[in-house]
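One line per chain: the protein sequences are A and B, in this order. To convert, take the position in the first sequence, counting from 1, and add 616; that gives the numbering used here. To convert, take the position in the second sequence, counting from 1, and add 616; that gives the numbering used here. A virtual CB, placed ideally from N, CA and C, is assigned to each residue, including glycine. Taking it in order: structure first as structure tokens, then the write-up.
2 protein chains.
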Amino acid sequence: MRRQPTVTDVAAEAGVSRQTVSNVLNTPHIVRAETRERVEQVIARLHYRPHASARRLRTRQSETIGVRLDPVTDGISGSLLDRFLHALVERAARAGFRVLLYTAADEPAEIEQFARLTDGADVDAFVLTSTHHGDTRIDWLIEHEVPFVTFGRPWGVADMTDPEHLWVDVDGRHGLTLATEHVLSAGAGRVAFLGWPAGSGTGDDRRAGWRATMERRTGLSPAELDALDLAVEEDPADGSVAARLVAAIDPAPEAIVCASDSLALGARLALGDRVPIVGYDDTPVARALGLSSVAQQLDEVAEGVLDLLIGSHGGRAGGAEGVDDPQHRLVKPRLVVR
Amino acid sequence: MRRQPTVTDVAAEAGVSRQTVSNVLNTPHIVRAETRERVEQVIARLHYRPHASARRLRTRQSETIGVRLDPVTDGISGSLLDRFLHALVERAARAGFRVLLYTAADEPAEIEQFARLTDGADVDAFVLTSTHHGDTRIDWLIEHEVPFVTFGRPWGVADMTDPEHLWVDVDGRHGLTLATEHVLSAGAGRVAFLGWPAGSGTGDDRRAGWRATMERRTGLSPAELDALDLAVEEDPADGSVAARLVAAIDPAPEAIVCASDSLALGARLALGDRVPIVGYDDTPVARALGLSSVAQQLDEVAEGVLDLLIGSHGGRAGGAEGVDDPQHRLVKPRLVVR
DNA sequence: CGCACGGCTTTGATCGATCAAAAGGCGGGA
DNA sequence: TCCCGCCTTTTGATCGATCAAAGCCGTGCG
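So this is what it looks like as structure tokens:
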């Protein structure tokens, strides 16, 4: 493996100084056009590429984003993070950023990772994927002034609009509105909801989408809606049990919308295709079973995450123009009909 | 954010030189015990952590492994890579290695990434996950002396034992032997195989496991085995079609073993639980449907990959002792019975 | 008594880039 | 003519660590 050329080699070859080569790469506008072209040609000819570690040592920036890879969940939505990651890596690369993975068993361990990765200048920002109420990781990051963006809203009241906490999320409420509207338009009058127990921000948000749509479109009473609203744990087996309960309701609901594809799978296995079922997440399973499902637009989420991160951190742009709230993004999902 | 302490700070505080601090971290055995302890205490007290970029600049090693994140496949096995990645990141962390992701649309683009990542000393080894016959990436890596390990055997004849090409793979043949033995012991006499068209190394390997077991245990004629051997594309819909063909065979097979969970899912949807079906990969779908499936031991694969990589690259250990073939590892999968 | 040796520690240079500040060249105004 | 200021380029120092080689000190041996 031959020695890589350095700025000094390029400078000598082009008859300029090291700094000029550096300027051509980093601040081309201050270099005279003629000089710049000459240097660029030499760079191309020698296949020069700056040594990332040397640059990082000097600039104290790594242009690398840390993402935690969760232990694989047993749920069928396991590949969601995978899809998000892919989109993120791709977009990050376009902006000149790299993505570094890490794992951690629990929050203290993850905070230890934050410390390790930032001290060593391995990473200069983090993307957190599963946030929850009273997340200590967020406090640590804010306190240590480490840039970060979360995929997922903080569900605490005050946190939601905290300008120090940048977040991107998918509008689950809108997703269930779409799902519910869809089955209603297809002729269903009584649509049941299969979701998780109250208390999770995400679950409640999705439930609210179904409920508001039903109120608006059908005028069913609160008591009637309560009867159509089932809450079980995130598991296909529980979904099956709940689906059989739904089918036993009199008069029987004509469709079921679910908070996840796991639940939809359970419902589908219990009821077959007698009742239209809509899932959430558009996982490969939904695709394989031919179930309609609400698809999160992970590309857009990844784009939003990077906008916020680079805006806040690189000081460039400061978030896209024309956006009301430059610290937060709510992405609208779409319904995949099958 | 307060300035991080450096070796110089630690050295001054402990009353030793920079180099001694460095030695305590990198070659502790050459430092006198008393001195070492004193330095270690100062390190702990100041929360000193070496600056990774500075070290990399000097040592020309990044202790970082590059892994390509594939565009998400529509198959249900999508989360396989995810699981492997998780295991890899975890094991790598234990050995002091980081995992950096990248994407690439095609082989030339990936080779371009190799060049970029190695020139900048971002990465000093790669793990390739989907290799194929005549893979140009491998040639490039060997030619440029960049360490790498593939998850997946090279199926070319000469390549397989090439000492420059380190690989780890799962013994698919053994996996199908287990699956076939299992249904045979459970009483089935005629077991059909649902696999992919001949020509893919992986697919043929799995088929061979089924066929050899059937020959040994049932003594069916080659022609009879041919009749039980179906090849279709990797898609649940195709699996369903094939499963119906299987059911129409006279006399009807009493069980089906598949080359993937996708095919098993298709078979299950077509046939219900009348016929025992065994899948491959132990994906969440198999779990949700209650299908038995062959589970690749991704932890062991990740461990093998790191052994080979660190052995070859760091010069430490050079592969575990007592292993016949220090350049290659074949991991035995296990059957998850449901 | 002197010197070689081994164990441990220190010194000075270096990795490849960027920062901060100085220097050179040129045109315009006093 | 001289000086100022602007535009462009160069110079020297620096980021934080490790490498290579030298230095120190007590032992052992001729």
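Return the residue from the list A:678, A:789, A:794 and A:822 that minimises the CA-CA distance to residue 740 of chain A.
-> A:678
Sequence ranges, alpha helix (DSSP H) only - wholly within the segment 712 to 776 of chain B, length at least 4 | 723 to 735 and 752 to 759
Taking all protein chains shown into account, do 16 or more other C-beta atoms lie within 10 angstroms of the C-beta of residue 929 of chain A, making it buried, or fewer, making it exposed?
-> With a pLDDT of 45 at residue 929 of chain A, under the threshold of 50, the predicted position of this residue should be treated as unreliable, though the coordinate-derived value follows. Looking at its Cβ environment, which holds 16 or more other Cβ atoms inside 10 Å, residue 929 of chain A is buried.
Of the choices B:946, B:918, B:945 and B:953, whose alpha-carbon is the least far from that of residue 696 of chain B?
-> B:918
With distances taken Cα to Cα, identify the nearest neighbour of residue 799 of chain B among B:870, B:633 and B:816.
-> B:870
When the Cβ atoms of the segment 826 to 838 of chain B are set against those of the segment 792 to 812 of chain B, are three or more pairs found closer than 8 Å?
-> yes
Output, in chain order, the set of chain B residues within a Cβ distance shorter than 9 Å of residue 735 of chain A.
-> 620, 663, 664, 665, 666, 667 and 668
Does the segment 664 to 681 of chain B come close enough to the segment 711 to 718 of chain B that 3 or more CB-CB pairs lie under 8 Å?
-> yes
Chain A contact residues for residue 763 of chain B, given Cβ-Cβ distances below 8 Å = Ordered by position in chain A, no residue passes the 8 Å Cβ test against residue 763 of chain B, which lies about 11 Å from the chain.
In whole angstroms, what separates the C-alpha of residue 783 of chain A from that of residue 943 of chain A?
-> 7 Å
Test: residue 679 of chain B CB closer than 8 Å to a CB of chain A | no
Could you work out which residues of chain B lie near residue 732 of chain A, taking near to mean beta carbons separated by less than 8 Å?
-> 665
For residue 895 of chain A, which residues does DSSP report across the bridge?
-> A:909
Please state whether DSSP places residue 806 of chain B in a helix, a strand or coil.
-> coil
Verify the CB distance criterion: does residue 898 of chain B have a CB-CB separation below 8 Å to chain A?
-> no
Got a sec? Which residues, its chain only, sit under 6 Å from residue 959 of chain A by beta carbon, not counting five neighbours each side?
-> With chain A covering only 617 through 954, there is no way to say anything about residue 959 of chain A.
Cut-off 7 Å between Cβ atoms - residues of its own chain near residue 816 of chain B, not counting five sequence neighbours on either side = none
Neighbourhood of residue 749 of chain A by C-beta distance below 8 Å, restricted to the same chain and skipping five residues each side = 770, 771, 772 and 817
When the distance is taken between beta carbons, is residue 708 of chain A closer than 8 Å to residue 738 of chain B?
-> no
Given a limit of 8 Å on CB to CB distance, which residues of the segment 702 to 735 of chain B reach chain A?
-> 702, 705, 706, 709, 714, 715, 716, 717, 718, 719, 731, 732 and 735
Quick one, which residues of the segment 881 to 908 of chain B are near chain A if we go by CB-CB under 7 Å, in chain order?
-> 881, 900, 901, 903 and 904
To the nearest angstrom, how far is it from the Cα of residue 931 of chain B to the Cα of residue 766 of chain B?
-> Confidence at residue 931 of chain B is low in this model, with a pLDDT of 41, below 50, so the placement of that residue should be treated as unreliable; the coordinate-derived value is given next. Their Cα atoms are separated by approximately 19 Å.
Could you have a look at residue 619 of chain A and say whether DSSP puts it in helix, strand or coil?
-> coil
Residue 634 of chain A versus chain B: which residues are under 8 Å apart at the beta carbon?
-> Result: empty, since nearest Cβ-Cβ is about 16 Å, beyond 8 Å.
Among B:853, B:879, B:652 and B:825, nearest to residue 906 of chain A - alpha-carbon criterion | B:853
Are three or more beta carbon pairs between the segment 649 to 665 of chain A and the segment 620 to 629 of chain A nearer than 8 Å?
-> yes
What residues in its chain sit with their C-beta under 6 Å from that of residue 752 of chain A, if we drop five residues either side in the sequence?
-> 723
Which of helix, strand or coil does DSSP assign to residue 945 of chain B?
-> strand
To which residues of the same chain is residue 802 of chain B closer than 8 Å at the C-beta, ignoring the five residues directly before and after it?
-> 871 and 892
Which chain A residues are close to residue 738 of chain B, counting only those with a beta carbon under 7 Å from its beta carbon?
-> 668 and 714
Can you give the Cα-Cα distance for residue 838 of chain A and residue 857 of chain B, rounded to whole angstroms?
-> 46 Å
State buried or exposed for residue 633 of chain B, treating a residue as buried only when at least 16 other CB atoms are found within 10 Å of its CB.
-> exposed
Go ahead and label residue 867 of chain A buried or exposed: buried means 16 or more other beta carbons lie within 10 angstroms of its beta carbon, across all protein chains shown.
-> exposed
DSSP three-state call for residue 872 of chain B: helix, strand or coil?
-> strand
By how many angstroms is the C-alpha of residue 735 of chain A removed from the C-alpha of residue 657 of chain A?
-> 37 Å
Roughly how many angstroms separate the alpha carbons of residue 865 of chain A and residue 706 of chain A, rounded to a whole number?
-> 47 Å
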